[in-house]
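Residue numbering for the sequence shown follows this note's numbering, starting at 18 and increasing by one per position. For reference, the structure is listed below as structure tokens.
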Amino acid sequence: MKHIAIEAAFAFARLHSPTKDNALEATKTVLSALEAERQRRHATLPKASTVEDYRCKVIRVEEAMEEFDGGWAEKLTMAVGRLSGAKQSFTAYRSALRHFAIEEVKTSAGAIQSVGRDLFGLLPQMLTRLQGEMRRLAHLVNLDRESCLERAGETTRTPQPKSRMLKYLPDGWREQFLDAVQFSDHAMPCALLNACGLRPVELQSGVQLSLVSCPVNSPA
């Protein structure tokens with residue numbers, strides 16, 4: 018299914034004079050193929066918290082792209098390679114980029130579909146924009162980790178367990194961290210995370226607490 022989406026997106030992007038019908042047909046083909054691929058992999062739709070994490074990852078990629086020269090596709094490939102030494106990192110960054118690329122295509126296609134009589138001559142510009150978004154989406158769907166690592170001059174890094182990485186932190190790092198947030202709204206969540214185990218995504222996004230009353234059984 019993935020190859021159908023790539024071929025349809027590139028085919029539309031290469032049209033010299035695309036029409037509204039071309040755009041809607043290509044969008045339907047691409048999105049249907051990607052949805053079928055998602056269902057085949059039994060992948061779930063991202064939650065709101067995941068989308069926010071995706072947004073942060075896209076910003077990191079855009080910042081990394083500024084370090085490279087070349088066209089958009091070349092810079093993106095090298096930026097993702099720079100950030101994706103670990104396999105799960107590549108998967109996360111690619112998912113984030115794909116998510117927003119798909120949303121852009123959906124938004125543009127919806128705007129094109131809503132155009133009736135093009136009294137102001139905006140349709141050609143909208144079609145050209147959708148062609149660019151389709152081209153970027155096709156590149157992201159076709160992105161593979163090996164090519165990204167090769168273009169960025171990076172090598173695969175073996176993921177390190179948290180317990181092994183903690184020993185490289187300076188002495189007293191937990192106390193320093195808790196002291197820094199003791200007067201903020203996150204003091205209690207951070208204290209709980211310190212007791213239960215710190216996770217970067219929780220430290221970055223925070224956690225929501227709720228007070229639930231429950232009986233305490235005292236020994237007879």
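Just so you know, even glycine gets a beta-carbon here, dropped at the ideal spot from N, CA and C.
Since V78 and L93 should fall inside the 8 Å C-beta cutoff, what is the C-beta to C-beta distance between them, to a whole number of angstroms?
Sure, about 7 Å apart at Cβ, within 8 Å.
Quick one: using the 10 Å Cβ neighbour count with 16 as the cut-off for buried, is H20 buried or exposed?
exposed
Could you give the distance in angstroms between the alpha-carbon of F137 and the alpha-carbon of A50?
33 Å
Go to S34, then tell me how far its alpha helix (DSSP H) extends in each direction, as first and last residue.
Taken as a continuous stretch (DSSP letters only), S34 belongs to no alpha helix (DSSP H), as it is neither H nor E.
Measure the C-alpha to C-alpha separation of W190 and A113 and round it to an integer number of angstroms.
31 Å
By Cβ distance, which residues of its chain are closer than 7 Å to A128, with the 5 residues on each side in sequence left out?
M143
Could you tell me the boundaries of the alpha helix (DSSP H) in which Q199 lies?
Careful: Q199 lies outside any alpha helix (DSSP H) and carries neither H nor E.
Report buried or exposed for H156, applying the criterion of at least 16 other Cβ atoms within 10 angstroms of its Cβ.
buried
Determine the contact status of Q130 and A30, defining contact as a CB-CB distance below 8 Å.
no
Using the beta-carbon count (16 or more within 10 Å), is C73 buried or exposed?
exposed
Along the chain, which unbroken stretches of the alpha helix (DSSP H) at least 4 residues long are found entirely within the region 64 to 141?
65 to 82, 89 to 100, 104 to 131
Rounded to a whole number of angstroms, what is the C-alpha to C-alpha distance between M18 and A53?
Going by the C-alpha atoms only, they are around 7 Å apart.
Can you tell me where the alpha helix (DSSP H) holding A169 begins and where it ends?
162 to 169
For H116, count neighbouring Cβ atoms within 10 angstroms of its own Cβ and tell me buried if that reaches 16, exposed if not.
Here H116 is buried: its Cβ has 16 or more other Cβ atoms, across all protein chains shown, within 10 Å.
For G241 and P35, what's the separation of their Cα atoms in angstroms?
Given a span of 18 to 237 for the chain in the structure shown, any question on residue 241 remains unanswerable.
Could you check whether V97 and F107 sit closer than 8 Å to each other, using their CB atoms as the reference points?
yes
Would you decide whether E150 is buried or exposed? Buried here means 16 or more other CB atoms lie within 10 Å of its CB.
Buried, because 16 or more other Cβ atoms sit within 10 Å of the Cβ of E150.
Cβ of A212 within 8 Å of Cβ of L195?
Not in contact: A212 and L195 (Cβ atoms no closer than 8 Å).
Among the residues of its own chain, which have a CB less than 7 Å from the CB of A126, if the five just before and after it don't count?
Answer for A126: A40, L41, T44, L147, listed in chain order.
Quick check on DSSP: helix, strand or coil for G149?
helix
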